[in-house]
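Worksheet: one structure, shown below.
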Amino acid sequence: MSSQRYLEDFAPGQRFAGGAVTVEAEAIMAFARQFDPQPFHTDPVTAEATFFKGLAASGWHTAALTMRMLVDSGLGISWGIIGREVEQICWPRPTRPGDRLRIESEVVEVRRSRTKPDMGTARIRTETYNQDNQIVQTMVAALIVPTRQPVGTT
């Protein structure tokens, strides 16, 4: 993993991949007990009679796992992955116990800041897939990225 990428190192269409993370039932329930304590996330028996028809990870758990895979991927932004905005996040299908997740990210846009010459924004679309290549999450985020050389400096 490169740890020193700057705004000038990113271009639309550039792709990065990461993973894989296996999601265990106990991890789903532990996360949910702390952050999203709903029965379809915390109780496998009760979850059978819910919309999900079985234990499902919280979408926020899937988002946290996605973040971990982004950090471990080849994105390697010099300052770290600093989100300015999550423009879109959706969960087209649930993450289940035993799912093995991976991510694919694509740079959508790169833009220098007009007011801060030492940084810019990279918009990144990340899709999180399970072991059957089904998308369990999509996210478009604007990340703050430092420039290697601020405009107007030598």
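Numbering-wise (my numbering), the sequence shown opens with residue 190 and increments by one. Virtual Cβ for every residue (Gly too), placed ideally from N, Cα, C. Computed from a predicted structure; not experimentally measured.
Residue environment, Arg362, which counts as buried when at least 16 other CB atoms sit within 10 Å
This structure leaves residue 362 out entirely; the chain is present only between 190 and 343.
Fill in: Distance, Phe205 Cα to Ile266 Cα
12 Å
Quick one, are the C-beta atoms of Arg304 and Thr255 less than 8 Å apart? According to the sequence shown, residue 304 is Thr rather than Arg. Cβ distance not < 8 Å, so Thr304 and Thr255 don't count as in contact.
Problem - For Phe199, the three-state DSSP class (helix, strand or coil) - result: coil
**Asked** Between the Cα of Gly248 and the Cα atoms of Ala219, Gly263 and Ile278, which residue gives the shortest distance?
**Response** Ile278
Practice prompt. May I ask you to report which of helix, strand or coil DSSP gives Leu259?
Written response: helix
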